[in-house]
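Asks: Got a structure here, written out as structure tokens. Questions coming.
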Amino acid sequence: MIIPPPGMERILFTEEEIQARIREVAGEISAKYQGRPLKLVGVLKGSVFFLTALAREISIPHKIDFLAISSFTSRSGPGVVRIAKDLDDPIEGEDVLLVEDIVDTGFTARYLLRTLAGREPNSLAICTLLDRTSSRIVQVPVEFRCFEIPDRFVVGFGLDYKQLYRNLGYVGVMNPDLAQ
Amino acid sequence: MGLITVSGEAGCRHEEVARLAAGRLGFQLLLEPELRNMIAQEFGAEAALPDKAYVPVVTSILARLATRHHLVVCAQGMEFLFKNQPWILRVHIVAPESRRVGALMVDHNLEREEARQLLRQVEFEDRRNRRRKFRRARAPLEAFDLVLSEEGMDSEPMAGIVEAAARAKGIEEQGLLAPAAEAHMQFQIRLQLSKYGISPPRDVSLKRVPFAHRSEEIFANLLDFYRIAWEYEPRSFVIQFDRDGKPLESFTPDFYLPEFDLYVELTTMKQAHVTKKNRKVKLLKSLYPHINIQVFYQKDFQNLIFKHGLHVEAPS
Numbered sequence: 001m002i003i004p005p006p007g008m009e010r011i012l013f014t015e016e017e018i019q020a021r022i023r024e025v026a027g028e029i030s031a032k033y034q035g036r037p038l039k040l041v042g043v044l045k046g047s048v049f050f051l052t053a054l055a056r057e058i059s060i061p062h063k064i065d066f067l068a069i070s071s072f073t074s075r076s077g078p079g080v081v082r083i084a085k086d087l088d089d090p091i092e093g094e095d096v097l098l099v100e101d102i103v104d105t106g107f108t109a110r111y112l113l114r115t116l117a118g119r120e121p122n123s124l125a126i127c128t129l130l131d132r133t134s135s136r137i138v139q140v141p142v143e144f145r146c147f148e149i150p151d152r153f154v155v156g157f158g159l160d161y162k163q164l165y166r167n168l169g170y171v172g173v174m175n176p177d178l179a180q
Numbered sequence: 001m002g003l004i005t006v007s008g009e010a011g012c013r014h015e016e017v018a019r020l021a022a023g024r025l026g027f028q029l030l031l032e033p034e035l036r037n038m039i040a041q042e043f044g045a046e047a048a049l050p051d052k053a054y055v056p057v058v059t060s061i062l063a064r065l066a067t068r069h070h071l072v073v074c075a076q077g078m079e080f081l082f083k084n085q086p087w088i089l090r091v092h093i094v095a096p097e098s099r100r101v102g103a104l105m106v107d108h109n110l111e112r113e114e115a116r117q118l119l120r121q122v123e124f125e126d127r128r129n130r131r132r133k134f135r136r137a138r139a140p141l142e143a144f145d146l147v148l149s150e151e152g153m154d155s156e157p158m159a160g161i162v163e164a165a166a167r168a169k170g171i172e173e174q175g176l177l178a179p180a181a182e183a184h185m186q187f188q189i190r191l192q193l194s195k196y197g198i199s200p201p202r203d204v205s206l207k208r209v210p211f212a213h214r215s216e217e218i219f220a221n222l223l224d225f226y227r228i229a230w231e232y233e234p235r236s237f238v239i240q241f242d243r244d245g246k247p248l249e250s251f252t253p254d255f256y257l258p259e260f261d262l263y264v265e266l267t268t269m270k271q272a273h274v275t276k277k278n279r280k281v282k283l284l285k286s287l288y289p290h291i292n293i294q295v296f297y298q299k300d301f302q303n304l305i306f307k308h309g310l311h312v313e314a315p316s
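If you read the sequences in order, they're chains L and W.
For reference, each letter of the first sequence is one residue, going 1 to 180 in the numbering used here.
For reference, each letter of the second sequence is one residue, going 1 to 316 in the numbering used here.
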């Protein structure tokens with residue numbers, strides 16, 4: 001039993017709800033990519049938990065790979081986003097499903113799509129655990145989503161607050177002011 | 001006068017390279033939409049200009065701006081202007097077709113074949129416009145000082161190379177365009193434009209307003225970080241008129257993202273201010289239904305702050 005973190009206001013999705021929904025989405029993915037060279041591409045670190053759970057429910061053969069991008073900070077200054085850890089293998093001719101923990105403004109997803117699109121995949125789509133459409137600034141095509149969420153700060157199932165709480169089995173709404 | 005022109009094949013990220021290079025050098029960036037707005041403000045809608053007047057019109061605008069700024073200009077055909085001048089650096093970005101098709105797939109949410117067709121169409125339009133305005137469908141490679149390929153190189157290192165080339169060529173050391181030189185240039189342009197009944201611009205300027213709030217600066221940094229082009233408060237919209245049709249109230253959204261043709265307004269912590277802004281946004285949407293605007297609410301902003309571990313007050 002994991003101790004709830006300070007500042008946790010409520011559980012948004014329980015472990016059981018998440019697993020059930022992942023099973024449904026994995027079914028949709030398995031149907032859509034039947035007979036195609038599917039590769040799941042996870043974005044470190046947030047998507048690790050979701051990708052692993054998703055991959056185990058997808059019934060068709062598929063590959064997995066990971067990449068990481070640099071993070072924005074107030075000290076980022078004139079820096080720009082870049083790939084901090086690239087994919088291990090090429091994606092040319094493969095059907096790539098970019099697996100995200102959350103899509104909100106769309107900034108990260110857009111950058112990754114643009115980067116991956118140049119590597120000649122057969123197709124490119126996004127699958128996200130959480131979709132906060134109310135925060136969307138840049139429109140990105142999210143083909144598979146498990147849950148749409150309100151404009152609240154959430155942690156758990158891969159999502160962090162100061163690198164903590166990714167290991168929670170559920171997704172909860174946190175008040176960071178109370179988490180200090 | 002230091003002038004860097006950045007052009008690229010259809011589907012290339014030349015705007016991104018231009019923006020990054022401008023940031024590195026501290027030059028002012030001028031993109032196609034902003035240039036088009038200036039032309040429209042000074043000479044009327046671009047479509048009404050005779051094709052042959054385009055080159056002197058743009059030259060006139062750039063000369064005026066160059067008295068106050070070193071410039072990075074990313075607009076079609078700029079490499080044809082100011083030939084053989086020591087203070088110009090002409091850069092061209094190329095990429096394999098597969099990469100450019102990929103870029104269009106993402107930008108327009110298309111399948112590969114649709115993106116390929118779009119690329120053909122964009123290239124056709126580009127050639128037609130160049131022929132119309134500059135009497136040449138494309139510039140030969142020797143028209144550029146620097147040609148860079150996106151294959152195997154990201155925008156950031158390319159911007160670094162542009163910066164190094166600009167410094168090596170010493171274009172900044174040439175200084176800003178002297179008023180006397182500008183006056184001479186405008187005189188020549190006036191002669192050319194008189195054939196079409198057009199006068200050179202009176203006063204074009206690149207307005208650079210300081211941010212009203214730290215949160216806006218952070219938002220701008222965030223857009224820069226994700227390589228998204230933006231303009232700060234570029235346009236005001238009249239949202240209320242009196243009985244005689246005179247403007248009573250205006251609304252100036254905080255940001256404009258030209259790539260998405262989208263205005264973004266950041267909101268306040270205080271509910272009274274949020275209500276006020278919501279009213280303005282609602283009025284704007286009803287009066288200007290073709291304008292896309294996205295309100296970025298306080299909660300959204302806070303989520304960004306928490307997510308990136310930043311420390312800042314919410315916008316006021």
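For each residue, glycine too, the CB sits at the ideal point set by N, CA and C.
Taking Cβ positions, are Val-295 of chain W and Thr-275 of chain W nearer each other than 8 Å?
Replies: No, Cβ-Cβ distance for Val-295 of chain W and Thr-275 of chain W is not below 8 Å.
Asks: Find the nearest neighbour of Phe-82 of chain W within the set W:Arg-131, W:Val-58, W:Lys-195 and W:Lys-282, judged by alpha-carbon distance.
Replies: Of the listed residues, the one whose Cα sits closest to Phe-82 of chain W is W:Val-58.
Asks: Output, in chain order, the set of chain W residues within a Cβ distance shorter than 8 Å of Pro-37 of chain L.
Replies: Ordered by position in chain W, no residue passes the 8 Å Cβ test against Pro-37 of chain L, which lies about 15 Å from the chain.
Asks: Establish whether the CB of Arg-166 of chain L and some CB of chain W are separated by less than 8 Å.
Replies: Not an interface residue.
Asks: Could you give the residue range of the beta strand (DSSP E) that holds Lys-52 of chain W?
Replies: No beta strand (DSSP E) contains Lys-52 of chain W, which DSSP labels as neither H nor E.
Asks: Closer than 7 Å by beta-carbon distance: list the chain L residues that pair up with Gln-294 of chain W, in chain order.
Replies: Those are Ile-137, listed as they occur along chain L.
Asks: Would you say the stretch 37-48 of chain L touches the stretch 88-102 of chain L, given that touching needs at least three Cβ pairs under 8 Å?
Replies: The stretch 37-48 of chain L vs the stretch 88-102 of chain L: in contact.
Asks: Within this structure, are the beta carbons of Ile-2 of chain L and Asn-175 of chain L separated by less than 8 Å?
Replies: No, Cβ-Cβ distance for Ile-2 of chain L and Asn-175 of chain L is not below 8 Å.
Asks: My assumption, with CB atoms under 8 Å, is that Ala-95 of chain W sits in contact with Gly-11 of chain W. Please give the rounded CB distance.
Replies: Sure, about 7 Å apart at Cβ, within 8 Å.
Asks: Under 8 Å, do Gly-118 of chain L and Ala-103 of chain W count as touching if we go by C-beta distance?
Replies: Yes; because the gap between Cβ atoms is below 8 Å, this pair is in contact.
Asks: Over what stretch of residues does the beta strand (DSSP E) that includes Pro-247 of chain W continue unbroken?
Replies: Run containing Pro-247 of chain W: 247-251, per the beta strand (DSSP E) assignment.
Asks: Using a Cβ-Cβ cut-off of less than 9 Å, list which residues of the stretch 113-136 of chain L approach chain W; keep chain order.
Replies: From the stretch 113-136 of chain L, only Leu-113, Arg-114, Thr-115, Leu-116, Ala-117, Gly-118, Arg-119, Glu-120, Pro-121, Asn-122, Ser-123, Leu-124, Arg-132, Ser-134, Ser-135 and Arg-136 have a Cβ closer than 9 Å to chain W.
Asks: In whole angstroms, give me the CA-to-CA distance for Arg-132 of chain L and His-70 of chain W.
Replies: Cα to Cα, Arg-132 of chain L sits roughly 41 Å from His-70 of chain W.
Asks: Let's see if you can read the secondary structure: which residues bound the alpha helix (DSSP H) around Phe-237 of chain W?
Replies: No alpha helix (DSSP H) holds Phe-237 of chain W; the beta strand (DSSP E) holding it covers 237-241.
Asks: Put Lys-39 of chain L into one of helix, strand or coil per three-state DSSP.
Replies: Here Lys-39 of chain L sits in strand by DSSP.
Asks: Tell me, please, whether the CB atom of Phe-157 of chain L is closer than 8 Å to any CB atom in chain W?
Replies: Chain W contact via Cβ: absent.
Asks: For Asp-65 of chain L, which option in L:Ser-47, L:Phe-50 and L:Asp-88 has the closest C-alpha, if you only look at C-alpha atoms?
Replies: With distances taken between Cα atoms, Asp-65 of chain L lies closest to L:Asp-88.
Asks: Check the C-beta distance from Pro-253 of chain W over to Ile-293 of chain W and give it rounded, since I have them as a contact under 8 Å.
Replies: Correct: roughly 6 Å between the Cβ atoms.
Asks: Grab the span of the alpha helix (DSSP H) containing Lys-327 of chain W for me, first residue to last.
Replies: In the structure as shown, chain W starts at 1 and stops at 316, and residue 327 of chain W therefore has no counterpart that could be examined.
Asks: Relative to the C-alpha of Val-48 of chain L, which candidate in L:Arg-114, L:Tyr-161, L:Phe-157 and L:Asp-177 has its C-alpha closest?
Replies: Closest option to Val-48 of chain L, Cα to Cα, is L:Phe-157.
Asks: Measure the C-alpha to C-alpha separation of Asp-300 of chain W and Gln-19 of chain L and round it to an integer number of angstroms.
Replies: Roughly 27 Å between the two C-alpha positions.
Asks: Count Cβ pairs between the stretch 114-129 of chain W and the stretch 144-161 of chain L that sit closer than 8 Å; are there 3 or more?
Replies: Taking 8 Å as the limit for Cβ pairs, the verdict is that the stretch 144-161 of chain L does not touch the stretch 114-129 of chain W.
Asks: Between Glu-156 of chain W and chain L, is any beta-carbon pair separated by less than 8 Å?
Replies: Yes, Glu-156 of chain W lies at the interface with chain L (some Cβ there is under 8 Å from its Cβ).
Asks: Determine whether the beta carbon atoms of Arg-318 of chain W and Arg-132 of chain W lie at a separation below 8 Å.
Replies: Here chain W has residues from 1 to 316 only, and residue 318 of chain W is not among them.
Asks: Just verifying my parser: in three-state terms, what is the DSSP assignment at Tyr-111 of chain L?
Replies: It is helical.
Asks: Starting from the C-beta of Leu-51 of chain L, find all residues in its chain whose C-beta is less than 7 Å away, skip the five residues before and the five after it, and write them out in chain order.
Replies: Cβ within range, chain order: Leu-40, Gly-42, Ile-64 and Val-99.
Asks: Alpha carbon to alpha carbon, how far is Leu-248 of chain W from Ile-91 of chain L?
Replies: One C-alpha to the other measures close to 57 Å.
Asks: State buried or exposed for Ala-136 of chain W, treating a residue as buried only when at least 16 other CB atoms are found within 10 Å of its CB.
Replies: Residue identity differs from the one stated: residue 136 of chain W is Arg in this sequence, not Ala. Burial call: exposed.
Asks: Quick one: list the residues of chain W neighbouring Phe-50 of chain L, beta-carbon separation under 8 Å, in chain order.
Replies: Here the premise fails: no neighbours, minimum Cβ distance about 17 Å.
Asks: In terms of alpha-carbon separation, which member of W:Leu-62, W:Arg-13 and W:Asn-109 lies closest to Asp-154 of chain W?
Replies: Closest option to Asp-154 of chain W, Cα to Cα, is W:Arg-13.
Asks: Does the Cβ of Glu-151 of chain W have 16 or more other Cβ atoms within 10 Å, making it buried, or fewer, making it exposed?
Replies: That one is exposed.
Asks: As an exercise, report each continuous beta strand (DSSP E) stretch of at least 3 residues that is fully enclosed by the stretch 61-113 of chain W, in chain order.
Replies: Fully enclosed beta strand (DSSP E) runs of 3 or longer: 71-74 and 88-94.
Asks: Kindly list the residues whose CB is nearer than 8 Å to the CB of Gln-34 of chain L, restricted to its own chain and excluding five residues on each side of it in sequence; keep chain order.
Replies: Only Ile-60 meet the Cβ criterion.
Asks: Distance, Cα to Cα, Asp-160 of chain L vs Gln-302 of chain W?
Replies: The straight-line gap from Cα to Cα measures roughly 15 Å.
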